[in-house]
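*Asks:*
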RNA sequence: GCCGGGGUAGCUCAGUGGCAGAGCAACCGCCUUGUAAGCGGUAGGUCGUGGGUUCAAUCCCCACCCUCGGCUCCA
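In the working numbering, the protein residues as written are 673 to 1325.
#1: Can you list, in chain order, the residues of its chain whose CB lies under 8 Å from that of residue 1124, leaving out five sequence neighbours each side?
#2: Starting from residue 714, follow its DSSP beta bridges and name the residues at the other end.
#3: Taking only runs that begin and end inside the segment 1287-1318, name each unbroken beta strand (DSSP E) of 3 or more residues, in chain order.
#4: Who are the near neighbours of residue 1044 in its chain, counting only those whose CB is closer than 7 Å to its CB and skipping five residues on each side?
#5: Out of 1039, 759, 693 and 874, state which residue places its alpha-carbon closest to the alpha-carbon of residue 1074.
#6: Thinking C-beta only, is residue 1221 closer than 8 Å to residue 1277?
#7: Should the segment 1209-1218 be called in touch with the segment 922-933, which here means at least 3 C-beta pairs below 8 Å?
#8: Could you name each continuous beta strand (DSSP E) segment of 3 residues or more that falls completely within the segment 882-933, going from the start of the chain to the end?
#9: Mind checking whether residue 1002 and residue 1020 have CB atoms under 8 Å apart?
#10: Return the residue from the list 1175, 1097 and 1083 that minimises the CA-CA distance to residue 1120.
#11: Consult DSSP for residue 1101 and reduce its assignment to one of helix, strand or coil.
#12: Just tell me which of 1206, 1255, 1249 and 822 has its CA closest to the CA of residue 1227.
#13: By DSSP's criteria, residue 863 is part of a beta bridge. Which residues make up the other side?
#14: Any idea what DSSP makes of residue 813, helix, strand or coil?
#15: Does the Cβ of residue 1098 have 16 or more other Cβ atoms within 10 Å, making it buried, or fewer, making it exposed?
#16: Identify every residue that forms a DSSP beta bridge with residue 982.
#17: Would you call the segment 675-692 and the segment 735-751 in contact, with 3 or more CB pairs under 8 Å?
#18: Excluding five sequence neighbours on each side, which residues of the same chain lie with their C-beta closer than 6 Å to the C-beta of residue 856?
#19: Quick test of your reading: residue 1275 and residue 1302, contact by CB under 8 Å. State the CB separation rounded to the nearest angstrom.
#20: At the level of alpha carbons, what is the spacing between residue 618 and residue 705?
#21: Verify whether the separation of the beta carbon atoms of residue 1280 and residue 1259 is less than 8 Å.
#22: If the criterion is Cβ atoms closer than 8 Å, does the pair residue 996 and residue 1112 meet it?
#23: How is residue 773 classed by DSSP in three states: helix, strand or coil?
#24: DSSP state of residue 1222, grouped into three classes?
#25: Under a three-way DSSP split, which group does residue 1194 fall into?
#26: What's the C-alpha gap between residue 695 and residue 788?
#27: Could you check whether residue 811 and residue 852 sit closer than 8 Å to each other, using their CB atoms as the reference points?
#28: Taking the alpha-carbon positions, what's the residue 910 to residue 876 distance?
#29: Output the boundary residues of the beta strand (DSSP E) element that contains residue 1044.
#30: Specify the secondary structure class of residue 678 as computed by DSSP and reduced to three states.
#31: Helix, strand or coil for residue 1278 per DSSP?
#32: Since residue 697 is in the alpha helix (DSSP H), which residue starts that stretch and which ends it?
#33: Cβ atoms of residue 1219 and residue 957: under 8 Å apart, would you say?
#34: Taking residue 1110 as the reference, which of 1147, 1094 and 703 has the closest Cα?
#35: Just verifying my parser: in three-state terms, what is the DSSP assignment at residue 1143?
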C-alpha cells in the first residue's frame, strides 16, 4: 500500500516499482513518468516502493521532470564525447535553467569546434536510439575510485564527498559520504551521479547542443580551464521548438542590435571598449528619463548636488574603495600636487558635502541626489553592451539620517523606487537581501546586525517576499536589490538600497542631536535606475524598441498621400509641435506604402496619413502602432487621444 | 583577465594569394501614390590597426585594438 499526493491510497503487490504504480494509475501517466518521489526523496522509477510510503510520480512536463531529462541528457553528452574523443576527461554535468552543460578536459589542450558539436549531437542521437538503460549502483569509495581511475576530476569529487568537504554541486554528482552512487549506461560508460535518471536513454531525444565555452574547474580562476558544452533539452519536440523560438525572439530584442537599428547610440572603436556615445534619438529618450527622475526627486525632498569626475587618491583611501577596488579603477594620474583618480562612485564626495559644515538633527534626513558619471575599469571579457559598461551615470542618492529614522526612511524609499519603476512599465519585482561577507567587509558585527535588521524590517513592513543572498553585500553594508521582470519574463537587477554605518565612521560624519550630543548619522546609498545606461538597455529590451509614447523619440509622423497634400501635412505637423509633441513628416516623393513601412520599422507610435478628404475636413487618418487604422479622425480628437496616451504613459503595443 | 568565435560599403552579409561583391539604406531622375517594400540610374571601401612572409596579402603568420558566446568578477 502506498499513499498518493491526493492522500488516496493504492494497493500494489509487494516489490512494485514507481513505473508499475504509474501504469496502474494510467497509461498517460506511465508514458510521461520520469522519476518518483518516495517519502520526499527523488528516486528512479525502477526503485521498489516501500509499504506505507508517500509516493508521487514526476512527469516530464514538470520542472522537476525536465530537470531529470536534462541531467540524463548530460550523461548522454558525456558518453558521446568520451566515445568520439579518446582520452577525454569529464568533470561535472548538471541540469540548469532550460538545459544542461557538461565540462570536459580534452587531451593536448584540444578544444571543441562547431563541427565537433554537430558530430557529438549525432552520436548522442544514436545513444538515444540504442535505448540504453540507466543502471544505478552504490559502492564504497574504494570501488568507485577504481572505476574512475582514469578520471581525475571524478576522483577529486569522490574524495571531497567522502571526506565530508563536498559542496552541493559535489553531492549532486556523487551522492553522500555513506555510499557513492554511479549510473551505468553501457559496458564502456559509467558516470558518477546521485540521480535520479530516466529509466533509459530512449526517453530522451528532444535536445540541442547550443554552444561551447571555456569554464574554470570548480569556478576557480587560477584552476584549469575546461571545455564546457551547453545544451537544451525538453519533454517534446514542440517544447524544444518553442524554446528555440523564444531565444530568437529574445535576440530580436537585444538592446545592442536595437540601438544600431534605431540609431540610438553607438560604441565607436576609437573611443575604447565599454564607452558609448549617445545619438540624438537615444539622447532624447535619455533626457526624458533624466527629466522624469529629476522631477520625482525634486518632489521627493531630495537636494540636487554636483561633484567632479576626478578626486585626489586620499579621498578613496579614506572611503576604503582603493583598498577594495583598486583593480577596478582607472589608473591614477600623477600630478605635481598629488595623485588623482577618475571617480568610480559618488558616495565619498557626498560625504564631503555633508561634512563641510556642522549638521543639526533638524536637517535630517538629508537626501542628496546626483546624476553622477563614474568610471570603472571592468575587465575586458565582462563588457556587455549597455548592461556592463566602463563609463556610466548613476542616479545616485545618499541619505543621511538618524538611526531612529532609518527604518522609516528605507520603507518610504521602497515606495519611491517602486513607484518610479512602475512609470517605466515594470510591474513585477523580486527583492533580495544581501548579507555580510566577512572576508570582504569592514565594520563591527553589531553595526552589521543593526543595519541588516533595519532593511529586513522595511521589507516586512511592506509585506514583501524576499530571498536572502548570503555574503553578497557591499563591503560597507548590507543591501536590498530589486529585480524587475520584463515583458518576456526575464529578470534584471536594477535598483539597490544600501545601508551604511561605515562611511560615516570613516569620514567622521556627525550631527548635533536634541540633547546637544554629537552623534554619527547613518548613510543610505540608493540607486533607482542603477545606471542610466543599464536601465536604458533594459528598457530597450523590455519594450523591444517600441517605447511608450511619452518616451518615443518621434511620437507622430505625418505622411501626405500625394505631394498635393504635403502642405496640409505640414500644417498638421505645426499644430502638433505647438502642442508640445515630437513630430516629423516624410514628404510624398515615395510610395505611401513604402513610407508607412519605413515608419513602422522605426516603431513610431502614431503614423498620420492625410489625403484629399482630410484636407477638406481637417481630419487625419490614424495608423497607431499595434492597432487598427482609423480614417477621418478630426485632428482635435486625435490630439486629445494623444494627450491621454502621453499622460498615462501607456504603451500602444 | 581566461577559453573559443568574429571584424569586408551606413546596415545585414557573400567572397578570393593576382581589377572588391549582393540586398537594403543614401543620392539623382521618373512615378503622385489612401495604409508595411513602384521603376531606372549614381555614388559609396586603407577589407579593424601595426608588423612579417611573398613577385604580389583583404586572404597566410605574429602582435595589438574592438566585438560576440561563456567562465571569473561586478562598489
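For glycine and all other residues, C-beta sits at the position ideal for the given N, C-alpha and C. Here the structure is a predicted model, which is why all the values come from computation and not from measurement.
*Replies:* In short:
#1: Taking the first chain and counting its residues from 1, one reaches residue 1124 at position 452. 1105, 1107, 1108, 1150 and 1171.
#2: Reading the first chain from its first residue, position 42 is the one you call residue 714. DSSP, once it has assigned bridges, lists 709 as partnering residue 714.
#3: 1291-1296 and 1302-1306
#4: Mapped onto the first chain, residue 1044 falls at position 372. If we look at residue 1044 and ignore the five residues flanking it on each side, its Cβ neighbours are 979, 1018, 1065, 1066 and 1068.
#5: Start at 1 with the first residue of the first chain, and residue 1074 comes out as number 402. Closest by alpha carbon: 1039.
#6: In the first chain, residue 1277 corresponds to position 605, counting from 1. In the first chain, residue 1221 corresponds to position 549, counting from 1. Yes, the Cβ-Cβ distance between residue 1277 and residue 1221 is below 8 Å.
#7: yes
#8: 897-905
#9: The residue given as residue 1002 occupies position 330 in the first chain. The residue given as residue 1020 occupies position 348 in the first chain. No. Outside cutoff.
#10: As a working mapping, residue 1120 is identified with position 448 in the first chain. Nearest option by C-alpha distance: 1175.
#11: Numbered from 1 along the first chain, position 429 holds the residue referred to as residue 1101. Of the three classes helix, strand and coil, the one that applies to residue 1101 here is strand, per DSSP.
#12: On the first chain, residue 1227 is found 555 positions in, with the first residue counted as 1. Among 1206, 1255, 1249 and 822, the Cα nearest to that of residue 1227 is on 1255.
#13: By one-based count along the first chain, residue 863 stands at place 191. For residue 863, which the question treats as bridged, DSSP gives the partners 855.
#14: Counting from one through the first chain, the residue named residue 813 turns up at place 141. Correct three-state label for residue 813: helix.
#15: Within the first chain, numbered from 1, the residue matching residue 1098 stands at position 426. Classification for residue 1098: buried.
#16: Position 310 of the first chain holds residue 982. Bridge partners of residue 982: 1014.
#17: no
#18: Translated into the one-based positions of the first chain, residue 856 becomes position 184. 807 and 862.
#19: Walking along the first chain from the start, residue 1275 turns up at place 603. Walking along the first chain from the start, residue 1302 turns up at place 630. About 19 Å; that fails the 8 Å criterion.
#20: One cannot answer for residue 618 here, as it falls past the ends of the chain, which runs 673 to 1325.
#21: If you number the first chain from 1, residue 1280 lands on position 608. If you number the first chain from 1, residue 1259 lands on position 587. No; because the gap between Cβ atoms is not below 8 Å, this pair is not in contact.
#22: One-based indexing of the first chain puts residue 996 at position 324. One-based indexing of the first chain puts residue 1112 at position 440. In contact: residue 996 and residue 1112 (Cβ atoms closer than 8 Å).
#23: For the purposes of this step, residue 773 is taken as residue 101 along the first chain, with counting starting at 1. DSSP places residue 773 in strand when its eight states are reduced to three.
#24: As a first step, residue 1222 is located in the first chain; it is residue number 550 there, counting from the start. Of the three classes helix, strand and coil, the one that applies to residue 1222 here is coil, per DSSP.
#25: Stepping through the first chain from its first residue, residue 1194 is reached at position 522. DSSP places residue 1194 in strand when its eight states are reduced to three.
#26: In the first chain, residue 695 corresponds to position 23, counting from 1. In the first chain, residue 788 corresponds to position 116, counting from 1. Straight-line Cα distance between these residues: approximately 40 Å.
#27: As a working mapping, residue 852 is identified with position 180 in the first chain. As a working mapping, residue 811 is identified with position 139 in the first chain. In contact: residue 852 and residue 811 (Cβ atoms closer than 8 Å).
#28: In the first chain, the residue the question calls residue 910 occupies position 238. In the first chain, the residue the question calls residue 876 occupies position 204. Distance between the alpha carbons of residue 910 and residue 876: 14 Å.
#29: Indexing the first chain from 1 puts residue 1044 at position 372. Unbroken beta strand (DSSP E) run through residue 1044: 1038-1047.
#30: Walking along the first chain from the start, residue 678 turns up at place 6. The answer is coil: DSSP assigns residue 678 none of H, G, I, E or B.
#31: Along the first chain, read from residue 1 onward, the residue named residue 1278 stands at position 606. Looking at residue 1278 - three-state DSSP - the assignment turns out to be strand.
#32: Position 25 of the first chain, counted from the start, is the residue given in the question as residue 697. From DSSP, the alpha helix (DSSP H) with residue 697 extends over 690-697.
#33: The residue labelled residue 957 in the question sits at position 285 within the first chain. The residue labelled residue 1219 in the question sits at position 547 within the first chain. Yes; because the gap between Cβ atoms is below 8 Å, this pair is in contact.
#34: Start at 1 with the first residue of the first chain, and residue 1110 comes out as number 438. It is 1147.
#35: The sequence position of residue 1143 within the first chain is 471, counting from 1. The answer is coil: DSSP assigns residue 1143 none of H, G, I, E or B.
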